[in-house]
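**Q**
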Amino acid sequence: MSAAPLPAQYLCASHELAERGDGLRFEVLLWGQPQAAFALRIDGRAVAYVNRCAHVPSQMDSPPGQFLTSDKRWIICSVHGAMYDPGSGYCIEGPCRGEQLMPIAVQEQQGAIHWWPTPDIEPVSSAFPE
Ligand code: FES
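Structure below.
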C-alpha cells in the first residue's frame, strides 16, 4: 500500500514573487537527497522548478536567485548558457535543447503560494518525522 500524498507546502506570500524578478530559492528532497529548487513569477503566474540543469545536474543561478537573462525573457544556466522557456521549463537553446527542467506544481490562492510534493520531490521536513 502506498503512502498518502503529502499536503501542499507553504512556499511564500504572493508579494514575495515579483514579475520576472529574482527567483525564490527553496529546498526540497529529490529522490531523497537535498536539492535546491526555485520559483519565479512569469506573466503573472507562479512557476517552480528543481534547480538542476537538464545538461549537467548542477545549480543554474549565479549569483543565487538570478535565473533570468538580462532581458528577463529566458531562464539561463550560468554554467554553459542553456536557455529555458520560463513558462514551460523547456530548453530552447544550448546543449540540452528540447529537454525540460523538472517542474514543481504550485498553486497561488488568497495571497499565498504553495507547492505540491510528489513521490520524487518531497519537502525536507517530511524526511525526518518525529
Ligand atoms: S550545466 Fe547548464 S548548460 Fe551545462
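Position 32 (the sequence shown) corresponds to 31 in numbering that gives the first Met the number 0; numbering is contiguous.
Beta carbons are placed, not taken as given, at the ideal position from N, Cα and C, and that holds for glycine.
#1: Looking at GLY93 and the ligand FES, is the gap between the Cβ and the nearest heavy atom below 7 Å?
#2: How would you label GLU129, buried or exposed, when you count the other beta carbons within 10 angstroms and need 16 or more for buried?
#3: Going along the chain, which unbroken runs of the beta strand (DSSP E) with 3 or more residues stay wholly within the region 41–121?
#4: For TRP73 and PRO56, what's the separation of their Cα atoms in angstroms?
**A** So, from the data block:
#1: Yes, the beta carbon of GLY93 sits closer than 7 Å to at least one heavy atom of the ligand FES.
#2: In this prediction, GLU129 scores a pLDDT of 44, lower than 50, which makes its location untrustworthy; the coordinate-derived value is nonetheless stated afterwards. Exposed: under 16 other Cβ atoms inside 10 Å.
#3: You should have 44–49, 90–92, 105–108, 111–114.
#4: Taking the straight line joining both Cα atoms gives about 19 Å.
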